[in-house]
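Have a look at the structure below before the remarks.
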Amino acid sequence: MTTMTKTDAARAMQTELRGETDIVIRRSFAAPPVRVWRALTDPAVIPQWMWAFDWPMTTCELDLRPGGTFTYRYTGPDGASFFFTGPVLEVEPPTRLVHRELFNGDPAAACDVTTILRPEGSGTRMEMTLRYADAGARAAAIATGMTDGMDVVYGKLDAMLAADTAGIAAAAGT
Amino acid sequence: MMTRTADLDSAFAALADPTRRAILARLAQGEATVSELAAPSGISQPAISRHLRVLEQAGLIETRVAGTSRPRRLRPEALKDLWDWLGAYRASWEQVFSRLDAVLERMEADDSGRGDTP
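Taken in order, these protein sequences are the chains called A and B. Numbered according to this note's numbering, the first sequence spans residues 1 to 174. Numbered according to this note's numbering, the second sequence spans residues 1 to 118.
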C-alpha cells in the first residue's frame, strides 16, 4: 500500500495539450537521470517497457547519435504491426534527447519528440514534449491505436465527467 | 460515440483556443445566450458568435430554440467522448511508465548486485 501511495502521489503523470501542436507529458521516477537515460536509450532495455496494451515492442534498433536513426516496431496479438522510425536529432546524456518519429515511416505523420531529464531529489523529473505538424495531426495521433485502451479507462472517466464537466477545459491545458 | 478522427480533429482544434475553452467552462455552469456570454468577457457579440459557431461545428455545444432566444448549451456526450480519447491516451502512457518504474528498480538491483553503486 505504501508503494502504491508513493507511486500515485509522488510520480503522478501530468499530460497537457499545449498550444495547437504540442502534447507535454511529465512524470517523476525514483531512479537518477543517468539510469533513466540508460533505460531510454539502451536497445536491450527499451523493449522491456516502451509499449502499452497488447502491443509489445518486437524490433528495437537505435543508433544513438545526431543523424543516427531508430526503428521501433510493435506487434499485436493478431500479428498486425506498426512502427515508428526517424532520425535522432540531439543527444546530450543524461539530460536531453531529441528525435523525430514518423508513424509507419510516413513523413506526413511526423512528430518531434524532446525528452528532458532533470534531477529531482534522488530521482528524476522527465518532461517529454511531442510536437506535431498541426492540430489535426495531433488529434489523429491521440486517436490512432488508442481504441484498445478504451475499456481500461471507461469506468473512471464516467465518474470524472460526472464530478466536473468543466474539467475538460483544464484537461485541454491553458 | 465519436469514432471518426475528423470529429476529434475539429473538437481538438476548437479546444486549442483559450477563449473557446473559457466559453465551454462558462457553459458548464449552465446554458447562456450570446449576449450573456459577451457581457462579462469584454469580447464583442460577433466575435463570441464566431467562436460559438466553431464549437457547434465541432459538436461540443448545441443551440436551443426558446422563443426569440437562442441559448447555447454543452453537449456532455461530446465532452465525454473527448475524455475517453484523452483518457485512453493517458492510460497507454501510464502503462508505459509503470513498466519503466519496474525496469528502473531491476536496474538498480542489478547495479547493486555488481557492487558498482556508491
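A virtual CB, placed ideally from N, CA and C, is assigned to each residue, including glycine. Just so it is clear, the structure is predicted and the values come from calculations on it, not from any experiment.
The beta strand (DSSP E) that contains residue i, what's its start and end?
i: residue 36 of chain A; result: Note, residue 36 of chain A: premise wrong, no beta strand (DSSP E); alpha helix (DSSP H) at 33-41.
i: residue 95 of chain A; result: Neither: residue 95 of chain A is in no beta strand (DSSP E) and is coded neither H nor E.
i: residue 130 of chain A; result: 123-132
i: residue 20 of chain B; result: From DSSP, residue 20 of chain B is part of no beta strand (DSSP E) but of the alpha helix (DSSP H) over 18-27.
i: residue 17 of chain A; result: 14-18
i: residue 119 of chain A; result: 110-120
i: residue 106 of chain A; result: First-last for residue 106 of chain A: undefined, no H or E at that position.
i: residue 27 of chain A; result: 22-29
i: residue 31 of chain B; result: Per DSSP, residue 31 of chain B belongs to no beta strand (DSSP E) and is neither H nor E.
i: residue 57 of chain A; result: 57-62
Would residue i pass as a contact of residue j if the rule is Cβ separation under 9 Å?
i: residue 15 of chain A; j: residue 85 of chain B; result: no
i: residue 39 of chain A; j: residue 107 of chain B; result: yes
i: residue 135 of chain A; j: residue 13 of chain B; result: yes
i: residue 94 of chain A; j: residue 45 of chain A; result: no
i: residue 91 of chain A; j: residue 125 of chain A; result: no
i: residue 27 of chain B; j: residue 61 of chain B; result: yes
i: residue 109 of chain A; j: residue 141 of chain A; result: yes
i: residue 70 of chain A; j: residue 62 of chain A; result: yes
i: residue 132 of chain A; j: residue 41 of chain A; result: no
i: residue 82 of chain B; j: residue 55 of chain B; result: no
i: residue 129 of chain A; j: residue 18 of chain A; result: yes
i: residue 11 of chain B; j: residue 59 of chain B; result: yes
i: residue 57 of chain A; j: residue 73 of chain A; result: yes
i: residue 127 of chain A; j: residue 34 of chain A; result: no
i: residue 29 of chain B; j: residue 38 of chain B; result: no
i: residue 43 of chain A; j: residue 60 of chain A; result: yes
How far does the alpha helix (DSSP H) with residue i in it reach, from first residue to last?
i: residue 34 of chain B; result: 34-41
i: residue 73 of chain A; result: Careful: residue 73 of chain A lies outside any alpha helix (DSSP H), inside the beta strand (DSSP E) at 69-75.
i: residue 57 of chain B; result: 45-57
Just checking my contact of residue i with residue j at CB under 8 Å: how many whole Å lie between their CB atoms?
i: residue 96 of chain A; j: residue 116 of chain A; result: 6 Å
i: residue 48 of chain B; j: residue 34 of chain B; result: 5 Å
i: residue 51 of chain B; j: residue 73 of chain B; result: Not really, about 15 Å apart at Cβ, beyond 8 Å.
i: residue 48 of chain A; j: residue 103 of chain B; result: 5 Å
i: residue 119 of chain A; j: residue 32 of chain A; result: 7 Å
May I ask you to check if the CB of residue i is nearer than 8 Å to at least one heavy atom of the ligand GDP?
i: residue 69 of chain B; result: This structure lacks the ligand GDP, and indeed carries no ligand of any kind.
Residue i CB to nearest chain E CB: under 9 Å?
i: residue 34 of chain B; result: The structure shown contains no chain E; the protein chains it does contain are A and B.
task = May I have a chain-ordered list of the alpha helix (DSSP H) segments no shorter than 4 residues that lie completely inside the segment 59-117 of chain B?
result = 76-114
key: Stretch-stretch touch, CB-based, cutoff 8 Å, three pairs: the segment 97-107 of chain A with the segment 75-86 of chain A   = yes
message = For the segment 54-74 of chain B against the segment 15-35 of chain B, do three or more pairs of beta-carbon atoms, one drawn from each stretch, fall closer than 8 Å, so that the two count as touching?
response = yes
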